[in-house]
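Reviewing the structure listed below.
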Amino acid sequence: MPEYLFFKKGKQTVVLERSDTDLASRLTHQGYKKQFEEVNAADEKHALARFADIRREKRIDQHNFIAGAGAMPLIGVLTAAAVFLLRKK
């Protein structure tokens, strides 16, 4: 299976085979940014679908991390209050 690279400019995403270095260079000069993700897939359609899945999972992970980061201080405060109240007796 070929390896695919992704270039993005605004909302437009271009899929290239890793071996197509000439087009990759032209896209970079046109202002496209090479994305970190690289995917092995049967064709460009499957590569783009996998890229969308990776991005969706990344957004979900970031959301879950932020939600956990917001809840942890609250849990710490509640635990400290419970310990304080239980030690008083």
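Going by the working numbering, the first residue of the sequence shown is number 29, and it counts up by one from there.
All residues carry an ideal CB built from backbone N, CA and C; glycine is no exception.
For residue i, count neighbouring C-beta atoms within 10 Å of its own C-beta (all shown protein chains included) and say buried if the count is 16 or more, exposed if not.
i    : result
F112 : exposed
A75  : buried
F93  : exposed
My guess is that residue i and residue j are in contact by the Cβ rule of under 8 angstroms, so how many angstroms apart are they, rounded?
i   : j   : result
L55 : V42 : 6 angstroms
Alpha helix (DSSP H) runs wholly inside the region 33-115, at least 4 long, in chain order: 49-57
Inter-stretch contact at 8 angstroms, needing at least 3 Cβ pairs: the region 53-70 / the region 88-108: no
Stretch pair the region 59-66 + the region 29-36: three plus CB contacts closer than 8 angstroms: yes
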